[in-house]
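What follows is a single structure, written as structure tokens, with notes after it.
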């Protein structure tokens, strides 16, 4: 169940915040109860902070150490600047142009009647009539189910950690740069392996998935990487295609961008989904390599 929620938050969790250094690609392995690292070895300071992309008020106030590091930097790095009105409009236009079936085709060609019944119960919680969601392609249906899960867990994207720092960056005239792009993320969703399997798994028992998410939210505030890595290990085992596409491949791409910033003279505070950071295939390990 929780695999769906991981993707719903764009693999983003928030464990807040003291530093563990990533020095000259040979970082100390000291255990940290937080998701904030400082990268050494380049020409400038780079900070990595694990984010949850939708949160609630219990995640605030943020640790002063994170705020201090943010103030030291010239620019803010995000996975994608989804908060720009222009980019949001472009994203909505792309979704509308590519995410709905045309002609007479609908979801009945993708799912059995029993599966559609389970999906229908989930979509009812989002207030969507059958005539609307039956025309959605599976990847848009998947994104819609994510919104339902976040709403039921009491999470608000406007309280997400990345949203918080984006607002502060705009108020302090810091440049906002991207590790990826909205277009790349949409393209990923459109071709995501295992997407129907994950959607059905959640639709069959959304309460169990919500219970797991609530338990996980309590642990990630303390930066419990063991719990997070356990969830990711389950995801890798049961939906390996999605794990590779959503985590491993993206991590390698993000590291290339971080390397570029580290070699510049622009100090950068990077806010990224916390699931991207720990573990042998995480960004921190890749930066140490």
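In this note's numbering, the protein residues as written are 1403 to 1691.
For every residue, glycine included, the Cβ atom is placed at its ideal position computed from N, Cα and C.
Buried versus exposed, by CB contacts within 10 Å (16 or more), residue i
i	result
residue 1652	buried
residue 1483	buried
residue 1457	buried
residue 1692	Residue 1692 cannot be examined here, being either before or after the span of the chain that is shown, 1403 to 1691.
residue 1607	exposed
residue 1481	buried
residue 1680	buried
residue 1453	buried
residue 1540	buried
residue 1576	buried
residue 1499	exposed
residue 1425	Any reading at residue 1425 must be qualified, since the residue scores a pLDDT of 44, below 50, and its modelled position is unreliable; the value itself is stated next. That one is exposed.
residue 1501	buried
residue 1491	exposed
residue 1708	As shown, the chain starts at 1403 and ends at 1691. That puts residue 1708 outside it, with no answer to give.
residue 1641	buried
residue 1574	exposed
residue 1627	buried
Beta-carbon spacing of residue i, residue j below 8 Å
i	j	result
residue 1474	residue 1668	no
residue 1451	residue 1469	no
residue 1591	residue 1449	no
residue 1605	residue 1521	yes
residue 1601	residue 1547	yes
residue 1665	residue 1444	yes
residue 1597	residue 1542	no
residue 1686	residue 1564	no
residue 1555	residue 1615	yes
residue 1630	residue 1677	yes
residue 1579	residue 1568	no
For residue j and residue i, the rounded distance between their alpha carbons
i	j	result
residue 1535	residue 1552	18 Å
residue 1523	residue 1550	11 Å
residue 1689	residue 1635	21 Å
residue 1585	residue 1658	18 Å
residue 1610	residue 1684	27 Å
residue 1619	residue 1488	32 Å
residue 1582	residue 1510	34 Å
residue 1530	residue 1537	11 Å
residue 1617	residue 1461	15 Å
residue 1572	residue 1561	16 Å
residue 1637	residue 1675	16 Å
residue 1495	residue 1656	26 Å
residue 1595	residue 1647	8 Å
residue 1588	residue 1545	10 Å
residue 1442	residue 1472	16 Å
residue 1613	residue 1446	42 Å
residue 1528	residue 1557	15 Å
residue 1704	residue 1463	Here the chain covers residues 1403 to 1691 and nothing more, so residue 1704 does not appear.
residue 1682	residue 1639	15 Å
residue 1506	residue 1649	35 Å
residue 1532	residue 1526	8 Å
residue 1570	residue 1459	17 Å
residue 1663	residue 1593	29 Å
residue 1440	residue 1660	12 Å
Cβ shell of residue i (< 8 Å), same chain only, five flanking positions each side left out
i	result
residue 1632	none
residue 1559	1455, 1456, 1552 and 1565
residue 1516	none
7 Å CB neighbourhood of residue i in its chain, flanking five on each side removed
i	result
residue 1508	1536 and 1537
residue 1433	With a pLDDT of 32 at residue 1433, under the threshold of 50, the predicted position of this residue should be treated as unreliable, though the coordinate-derived value follows. So no residue of the chain qualifies.
residue 1503	1537 and 1539
residue 1512	1540 and 1598
Cβ neighbours of residue i in the same chain (closer than 6 Å, five flanking residues each side left out)
i	result
residue 1493	1584
Handout entry: Whole runs of the beta strand (DSSP E) within the stretch 1462-1512, excluding any shorter than 3 residues
Key = 1477-1480
Practice task
With a floor of 4 residues, list each alpha helix (DSSP H) that falls wholly inside the stretch 1544-1585, ordered by position along the chain.
Solution key: 1563-1573
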